[in-house]
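S.K.:
Residue numbers (this note's numbering): 63 to 760.
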């Protein structure tokens with residue numbers, strides 16, 4: 063093919079690649095453009111195409127317009143990405159070719175997802191880039207995304223999906239609620255899978271942080287920052303050297319620490335952020351970064367700058383007197399104002415964070431009359447500032463807010479003393495809720511807003527911070543002791559359980575402990591050999607030595623092998639719990655529970671959680687197991703909190719095709735009996751028995 067040969071010659075010689083320099087007759091070029099666009103010279107041809115529009119080459123527009131037609135047949139991932147990068151470097155070319163190119167990228171995408179998954183991912187990325195840049199209407203790409211069947215998606219495609227979805231959320235999360243919910247749902251499902259999980263964790267963290275920037279209440283801002291922190295920590299725990307997750311976890315920790323006045327925690331978080339950004343920069347040194355990801359680097363810088371400002375401002379706000387008052391006030395006002403200007407990629411309004419940062423600054427001026435006097439002087443006599451850098455508008459706004467708080471505080475004091483009968487108790491309750499969200503966000507998430515707000519009404523700000531510090535350390539301890547499988551799975555299940563109204567406060571804390579122990583048991587059951595898992599034997603209550611049978615291994619009834627029983631799994635689970643941190647809370651087969659007998663019961667004070675144990679020889683699919691066993695497992699929670707567990711020993715005949723992962727056979731099920739008004743939540747899991755060992759596959 064003449065056109066392909068000429069492109070290669072120009073590339074080898076280092077000459078400029080354009081249709082003019084190719085030197086072939088227009089008729090020959092026009093006839094061959096489409097076929098070359100489908101071949102390995104597509105990136106070189108894309109360079110010639112962009113040259114037409116960037117330099118106004120007359121007479122070649124018709125040939126350039128043939129590029130998308132042939133590009134729809136391009137089978138190579140590398141050639142697809144290289145050609146797209148070349149085209150996106152030319153604004154003029156994209157303006158002309160956007161619609162036909164978009165059609166070429168989306169043509170047959172659903173078939174490519176499994177036949178050529180990397181090519182499909184590159185095409186979808188290109189189509190999303192066209193849509194978010196407003197070069198084309200997003201309707202077609204929305205339709206393509208909604209049609210994706212992520213339940214049977216090739217791993218190579220799924221691995222690239224989270225960042226593509228994140229790009230869409232950056233652009234559409236504020237104005238397009240329908241597609242936003244679709245994207246978030248797809249991202250959550252990817253987080254539950256095994257392919258794109260870590261990237262999905264990070265993108266979910268970005269999404270929560272983006273929501274914090276646009277929230278309009280203290281509760282929403284605080285909750286979103288806390289959720290973002292949880293996702294970033296999960297990603298960091300699941301994958302080593304995930305510096306972006308480490309950096310943004312430090313950002314969230316910094317915001318929460320500044321809000322609560324924990325200067326030491328803020329200083330530590332700022333140090334972790336600096337280290338993570340340095341490591342990320344070193345990790346990516348010399349590596350190609352796609353153009354569409356470069357704005358993220360700018361966002362990283364903006365967040366890093368804000369955290370440094372918060373750290374410096376926090377140190378000044380701790381001082382009783384400012385030895386260099388104007389410089390100090392400049393730093394504080396900069397941090398105060400920055401909370402309204404910093405944005406993640408795609409966010410256009412950063413006012414949400416102001417609800418965390420501004421009250422912390424205002425409280426410092428309320429506590430320190432000397433600092434308040436310096437602020438008032440700066441507002442009333444700006445000419446005394448030696449330089450021109452004082453942000454007078456921000457200083458005036460800050461002073462007005464502080465004066466409003468002084469007035470409100472005086473009115474509240476009069477109501478409490480009985481000298482003013484016009485007080486509104488609803489306003490006081492709202493104030494306690496805001497204090498709870500500002501000073502104890504972790505406690506709110508773990509204990510519920512009702513309990514924490516009630517506590518806030520009885521204790522000082524400092525005592526509330528101390529309580530939140532204990533909750534915060536409890537979270538860190540749990541995460542440090544977990545592992546890459548249990549951490550993301552536990553995080554996912556805690557999020558799903560949070561959809562149940564009763565999953566708050568003490569119930570959240572205690573049932574969360576049981577679920578974590580159960581997940582650790584499931585992992586150990588999938589890993590440990592017979593002697594490690596079961597030991598030499600155990601003694602029952604009568605002092606008799608009992609050997610637990612390894613119910614996981616294959617059996618052959620025709621050879622006289624004993625078929626495993628529910629009791630085998632029950633005993634193993636029971637002994638596992640006895641050896642863990644809730645050993646003194648476990649009972650086995652207690653009677654008088656919902657007119658029957660439950661297999662394993664764990665009680666935390668008045669709260670009790672029952673685990674039903676079953677075995678099944680015929681079918682291990684979720685729908686079948688829920689249809690046969692879910693109602694019974696849920697029934698035990700009718701006289702207590704509506705949470706329980708179901709473990710099913712899978713004894714179906716296996717083929718030598720591998721064993722499901724723990725996170726693929728563990729889920730949260732919901733059951734509501736006919737006529738009932740409360741949903742029951744059951745953490746269900748399949749324990750694979752009758753298994754082949756890895757050596758059997760050789």
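In this text, a Cβ means the ideal position worked out from N, Cα and C, and glycines have one as well.
Quick one: is the Cβ of residue 161 within less than 8 Å of any heavy atom of the ligand GDP?
M.R.: What this structure holds is no ligand at all, so the ligand GDP is not there to describe.
S.K.: Assuming residue 111 and residue 129 are in contact, meaning their beta carbons sit under 8 Å apart, how far apart are those beta carbons, in whole angstroms?
M.R.: 5 Å
S.K.: When DSSP labels each residue in this structure, what does residue 768 get in the three-state scheme?
M.R.: Since the displayed the chain opens at 63 and closes at 760, residue 768 lies outside it and no answer follows.
S.K.: Is residue 329 helix, strand or coil when you go by DSSP?
M.R.: helix
S.K.: Straight-line CA distance for residue 754 to residue 587?
M.R.: Answer to the nearest angstrom: the Cα atoms are 14 Å apart.
S.K.: Using only the alpha-carbon positions, how far apart do residue 636 and residue 553 sit?
M.R.: Roughly 24 Å between the two C-alpha positions.
S.K.: Excluding the five sequence neighbours on either side, which residues of its own chain have a C-beta within less than 8 Å of the C-beta of residue 271, listed in chain order?
M.R.: Cβ neighbours of residue 271 beyond the five flanking positions: 286, 287, 290, 310, 313, 314, 406.
S.K.: Is it right to say residue 512 is buried, meaning 16 or more other beta carbons lie within 10 angstroms of its own, or is it exposed?
M.R.: exposed
S.K.: Spatial neighbours of residue 759 within its chain, please: C-beta separation below 7 Å, excluding the five flanking residues on both sides.
M.R.: 718
S.K.: Looking at the structure shown, is residue 827 part of a helix, part of a strand, or coil, going by DSSP?
M.R.: No answer is possible for residue 827: it lies beyond the span of the chain, which begins at 63 and ends at 760.
S.K.: When the Cα of residue 123 is compared with those of 135, 137, 108, which residue comes out closest?
M.R.: Checking every option, the nearest Cα to that of residue 123 belongs to 108.
S.K.: Could you tell me the alpha carbon to alpha carbon distance between residue 266 and residue 555, rounded to whole angstroms?
M.R.: 15 Å
S.K.: Taking the runs of the alpha helix (DSSP H) that are 4 residues or longer, which of them lie wholly in the segment 188-240?
M.R.: DSSP runs (the alpha helix (DSSP H)) wholly in the segment 188-240: 201-208, 217-234.
S.K.: Quick check: the segment 696-705 against the segment 734-749, are there 3 or more CB pairs under 8 Å?
M.R.: Of all C-beta pairs linking the segment 696-705 to the segment 734-749, three or more are shorter than 8 Å, placing the two stretches in contact.
S.K.: What does a CB cutoff of less than 6 Å around residue 183 pick up in its chain, not counting 5 residues either side in sequence?
M.R.: 219, 222
S.K.: In this structure, does DSSP put residue 61 in helix, strand or coil?
M.R.: Since the first residue shown for the chain is 63 and the last is 760, residue 61 is missing from the structure and cannot be characterised.
S.K.: Round the Cβ separation of residue 193 and residue 203 to the nearest angstrom and send it over; I've been treating them as touching at under 8 Å.
M.R.: 5 Å
S.K.: Can you grab the Cα-Cα spacing for the pair residue 148 / residue 546, in whole Å?
M.R.: 38 Å
S.K.: What's the call for residue 689, buried or exposed, on a 16-neighbour Cβ count within 10 Å?
M.R.: exposed
S.K.: Residue 632 by DSSP, collapsed to three states: which one?
M.R.: Three-state DSSP puts residue 632 in a helix.
S.K.: Our contact map puts residue 207 next to residue 244 with C-beta atoms below 8 Å; I'd like the distance itself, whole angstroms only.
M.R.: Rounded, the Cβ-Cβ distance is 7 Å, consistent with contact.
S.K.: Given residue 674, which residues of its chain have a CB within under 8 Å of its CB, disregarding the five upstream and five downstream residues?
M.R.: 660, 661, 691, 694, 695, 698, 706, 707, 708, 709
S.K.: How many Å lie between residue 396 and residue 273 at the Cα?
M.R.: Note on residue 396: pLDDT 48, under 50, position unreliable in the model; no value is reported.
S.K.: Would you mind working out which of 724, 714, 299 sits nearest residue 580, comparing C-alpha positions?
M.R.: 724
S.K.: Go ahead and label residue 299 buried or exposed: buried means 16 or more other beta carbons lie within 10 angstroms of its beta carbon, across all protein chains shown.
M.R.: buried
S.K.: Per DSSP, which residues does residue 157 bridge with? Please list them.
M.R.: Beta-bridge pairing links residue 157 to no other residue.
S.K.: Would you check if the distance between the CB atom of residue 225 and the CB atom of residue 261 is smaller than 9 Å?
M.R.: yes
S.K.: Since residue 216 and residue 283 should fall inside the 8 Å C-beta cutoff, what is the C-beta to C-beta distance between them, to a whole number of angstroms?
M.R.: Actually they are not in contact, since the Cβ atoms of residue 216 and residue 283 sit about 39 Å apart, beyond 8 Å.
S.K.: What do you get for residue 681, buried or exposed, if any count of 16 or more other CB atoms within 10 angstroms of its CB means buried?
M.R.: Residue 681 comes out exposed.
S.K.: I'd like the list of long-range same chain contacts for residue 80, defined as Cβ closer than 6 Å, with 5 residues on each side in sequence excluded.
M.R.: 110, 113
S.K.: Going by beta carbon distance, what residues of the same chain come within less than 6 Å of residue 297, once the five residues before and after it are set aside?
M.R.: 260, 263, 264, 304, 307
S.K.: So, at 8 Å on beta carbons, what are the nonlocal neighbours of residue 119 in its own chain, with the 5 sequence-adjacent residues on each side left out?
M.R.: Around residue 119: 80, 81, 82, 113.
S.K.: Please report the residue range of the alpha helix (DSSP H) in which residue 283 lies.
M.R.: First-last of the alpha helix (DSSP H) with residue 283: 280-300.
S.K.: Tell me the start and end of each unbroken alpha helix (DSSP H) in the segment 692-742 that is at least 4 residues and wholly inside, in chain order.
M.R.: 693-697
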